[in-house]
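Peer 1: Following my numbering, the numbering of the sequence shown begins with 700 at its first residue and continues without gaps.
For glycine and all other residues, C-beta sits at the position ideal for the given N, C-alpha and C.
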Amino acid sequence: MPVLFSLGSWNPATTPLRNWLIERLERDHPFLAEASPSGKTWAAALVGADHVLPILDGFDEIAIGLRKDALVALNSCTLPLIVTSRRAEFEAAGEETKVVPSATAIELVDLDLDDSLTYLQEATGTTLPGGTDAVPRTGWAYVLSELRRRPHTQAGANLAAVLTTPLMVTLARFVYESERDPAELLGTENFGTREALEKHLLDTFITTAYKRFLSTEPVAREHRRWDHERARHWLGYLAAHLTELNTPDIEWWRLGTTVKLRRIMLRVGVTVGILSGFVAGLVYGSESGLVYGPAYGLMAAGITGPANGLAMGVTFAVMHGFVTEMKVGGPLFEPSLMQIKLHNWTKRKLRESFRPRVTGGLAGGLLFGLLWAFGSAAFSLLQGYPWPVVAVNSGLLLATGIGLGLVMGLIAALGAGFESAIPREKRALPSDLLNTNRATVLKQTLTIGLVTGSGYGTVFGIASHSALAGLGAGLVAGTMIAIGAGTMTAWGRWVVLARIWLPLTGWLPRDLDAFLRDACERQVLRQVGTVYQFRHAQLRDHLYATAGTPPETVLHRTGNLDRLFAVADTDGDGYVDGADYQRIAARYRTTYGLAADAPETTALASFYRAYWAGLQRHAKTDGRLSRAQHRTAAGAAGTDPALREPVAAFAAAVFEIIDADHDGCVGETELTRYLDMWGLAADASRVLGELDTDGDDRLSKSDLTRAITVSFHSPELGGTGSVFFGVA
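1) Going along the chain, which residues of its own chain have a beta-carbon closer than 6 Å to the beta-carbon of residue 1181, five neighbours each way excluded?
2) So what's residue 1399 in DSSP terms, helix, strand or just coil?
3) With 16 other CB atoms within 10 Å as the buried threshold, where does residue 751 fall?
4) Throw me the rounded Cβ distance for the residue 815 and residue 862 pair, which I believe falls under 8 Å.
5) Would you mind stating whether residue 1132 and residue 951 have Cβ atoms separated by less than 9 Å?
6) Helix, strand or coil, according to DSSP, for residue 1231 in the structure here?
7) By DSSP, does residue 1054 sit in helix, in strand, or in coil?
8) If you reduce the DSSP assignment to three classes, tell me which class residue 1240 lands in.
9) Between 772, 804, 810 and 759, which lies nearest to residue 787 when the distance is taken from Cα to Cα?
10) Determine whether the beta carbon atoms of residue 796 and residue 774 lie at a separation below 9 Å.
11) Looking at the secondary structure, which residues open and close the beta strand (DSSP E) in which residue 756 lies?
12) List in chain order: all unbroken alpha helix (DSSP H) runs of 4+ residues lying wholly within the region 1285-1323.
13) Nearest-angstrom Cα distance between residue 1086 and residue 1075?
14) Excluding five sequence neighbours on each side, which residues of the same chain lie with their C-beta closer than 7 Å to the C-beta of residue 857?
15) Give me the Cα-Cα distance between residue 1289 and residue 1297, rounded to the nearest whole angstrom.
16) By how many angstroms is the C-alpha of residue 766 removed from the C-alpha of residue 1278?
17) Do you know whose CA, among 1007, 1334, 1310 and 1335, lies nearest residue 1347's CA?
18) Given this structure, state the Cα-to-Cα distance separating residue 1232 from residue 737, to the nearest angstrom.
19) Counting C-beta neighbours from all protein chains within 10 Å, is the total for residue 844 16 or more, i.e. buried, or is it exposed?
20) Take residue 1228 and list the residues in its own chain whose beta-carbon comes closer than 7 Å to its own, dropping the five residues that flank it on each side.
21) Have a look at residue 790 and residue 1384 and give me their C-alpha separation to the nearest angstrom.
22) As a quick exercise: from 1392, 1333 and 1341, pick the residue whose alpha carbon is nearest that of residue 1421.
23) Measure the Cβ-Cβ separation of residue 1152 and residue 1014 and say whether it is below 9 Å.
24) So what does DSSP say about residue 1410, is it helix, strand or coil?
25) Residues bridged to residue 701 by DSSP?
26) Less than 8 Å between C-beta atoms, sequence neighbours within five positions excluded: which residues of the same chain meet that for residue 1319?
27) Taking a contact to mean a Cβ-Cβ separation below 9 Å, would you say residue 1263 touches residue 1424 in this structure?
28) Decide if the region 1342-1362 is in contact with the region 1376-1394; the criterion is three or more beta carbon pairs, one per stretch, under 8 Å apart.
29) Find the nearest neighbour of residue 1156 within the set 1191, 1070, 982 and 1142, judged by alpha-carbon distance.
30) Closer than 7 Å by C-beta to residue 756: which residues in its own chain qualify, once you throw out the five before and the five after it? Chain order, please.
31) Would you report the Cα separation of residue 1190 and residue 730, rounded to the nearest angstrom?
32) How would you call residue 992, buried or exposed, if buried means at least 16 neighbouring beta carbons within 10 angstroms?
33) When you compare only the Cα positions, how much space is there between residue 1238 and residue 805?
34) Could you tell me which whole beta strand (DSSP E) segments of length 3 or greater appear in the region 1083-1168?
35) Give the secondary structure of residue 849 by DSSP, where H, G and I count as helix, E and B as strand, and everything else as coil.
36) Below 8 Å, how does it come out for the region 960-973 and the region 936-946: are there three or more Cβ pairs, yes or no?
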């Protein structure tokens, strides 16, 4: 049975092809994750028996550095398969290793212009003013007649080149099937190049998609919620998110995770802290108000709320970071394919899950107890309590944390006995998986909150000889633990990041699920199993390039290349071309008054010519580069042997330029002048301190040139030397 797989999300260096196919089948068709009579999942059984014909779509969407590994894996695979790719990318990978043996190649030819225009004319069928009653004309009929009458114009050549691909023909039909006149495509004033035409069609597609469904009818209220500008902004964020993760799949549980880990920890901590503080302040304030009066209650709320909120926020922020860094958070932060049913309890599930869940609970409890104990100890010491009292109290808190972890582990293990696979009819859509995970997490956290709260409240009430105090302590403890535990799940983290913080900061709409479903109806996205994808990679790349990448969403590992694009795009048109690099070279001449025939001028010009040629070579294009194309090409250029000599010459020239007094060293004043050319003068002191190897507050030629070459040849323009390319 043929099944389509998007190759862009496959990492051949870490996941064998068969395993990846099985994972995709189980994710996109959840009923295949159920056990077959052989004990394997149905997906594993079908792939193992060669009953699946994989159609591996988009070899060219695999990261450049992984294509060789991908081709090697395809060579060694015994499955029958079909691979689709752009020709240039596949041929480039084939140059590094042998191509797939015994493979039949089918190459798609470009669409014929007459056929494309005839199709557009028949498909749209719109009659525009300017014809006669006897011979009505459509807009596309006029375009076709003009191209036949004047076939050698620049406008004709541009349009002919654009309409050779099915995507552009489809976009043209979509954009011009109303009364909009396609004759505007023949104008060279606005569309002087093929790239300009493609950009226009992609831009107008989004505008048309979000305008055409607008209506004042009550049944269309769902479609009137988002205007095209806001939708473009949100789609641009999603495109940036996918580019950062190098995947075509919009998975709800990964939204918001492309920020640095410390930002995720901060957001989790703030959310848990605010909610926990509110609960603690409300309960303890009310309790104190009932016993001692309103004034005392307000004071108690003002103290206990922030104190408990701060403690719980810091604790769960650190726990979130810990499980992520220790690589144990994967299963926690992925959606469960199980649901809880009270009538489905079995001993087998309990036995299978008892040890790992209790162990995990103890580990989490130990971490929680340590954080709780250390935090309390620090606070107590600041208050002047003696060491023996602090030690005893900290020991009790540590023991309490471990006890809570044990209880939570036991609850999780017992809960496994009630787990059953989510029925296939309840996990066919992304929203289905989201809804079932929400229900599961709420049941789990409610159970955890009730058990821990009642236990803690009972102990506290007995110790304080007050039922009211025990009730309040149990209510606060159970609620705070339930809130914190909820954030340690896929659904909980999604709520924090995608439902609270991303809408709060404007990167996504409040009702994200409805927006994604609506985008599918508008043909911007498509649904693939339990995830969404952009309908075409070129649309995704265009949105990423034109909408830009939100600065806070760029991972540190790719941030420098995005900032390098911003530096190179000197005219701010969203693309980089050879003229941009000529302007950068001219910036050196203007700043330092270099003569046109100076050796440094020649070295700079040679480097930027070689670098631009290298970028085009790696991007497989002879035109300008979008942000996504530039980022990929710049990453590959860093390891290009052909650029080693030009970079070394560039580094030497930069040193000679900066060393204005020609004393063989660069001081802070000289460095500040150079960095000011890039708007980075404030970084001069830091850069000098990091690169100065002998502590004399000056940079030798070897210090500076080494920093430049090391940074350029690092995977992501890393290191302090990136400042010499205008990136900090």
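Peer 2: So, to answer that:
1) 1144, 1147 and 1148
2) strand
3) buried
4) 4 Å
5) yes
6) strand
7) helix
8) helix
9) 759
10) yes
11) 752-756
12) 1298-1318
13) 12 Å
14) 890, 892, 893 and 896
15) 13 Å
16) 31 Å
17) 1310
18) 33 Å
19) exposed
20) 726, 727 and 728
21) 47 Å
22) 1333
23) no
24) helix
25) 752
26) 785, 787, 788 and 791
27) yes
28) no
29) 982
30) 703, 704, 705, 706 and 783
31) 21 Å
32) exposed
33) 25 Å
34) 1118-1120
35) coil
36) no
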